[in-house]
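Peer 1:
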Amino acid sequence: DEDAEVYDQHMREYLGIDEALYEKLLAK
Numbered sequence: 014d015e016d017a018e019v020y021d022q023h024m025r026e027y028l029g030i031d032e033a034l035y036e037k038l039l040a041k
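Residue numbers 14 to 41, in this note's numbering, belong to the letters of the sequence shown in order.
#1: For Asp21, collect the residues of the same chain with a Cβ closer than 8 Å to its Cβ; drop the 5 residues on either side in sequence, then sort them by chain order.
#2: Hey, could you find the ends of the alpha helix (DSSP H) Asp31 is sitting in?
#3: Can you give the Cα-Cα distance for Ala17 and Tyr35, rounded to whole angstroms?
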């Protein structure tokens, strides 16, 4: 499904951003 691909892509972007923020928190 195209919807599944779009959903997966958005989740990867969200997790990528979330992971970056998490690393910043650990860096403090």
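Each residue gets a CB set at the ideal place from its N, CA and C atoms; glycine is no exception. All figures in this text were calculated on a predicted structure; none of them were measured in a lab.
Peer 2: Let me spell this out:
#1: none
#2: Segment 15–40, the alpha helix (DSSP H) holding Asp31.
#3: One C-alpha to the other measures close to 26 Å.
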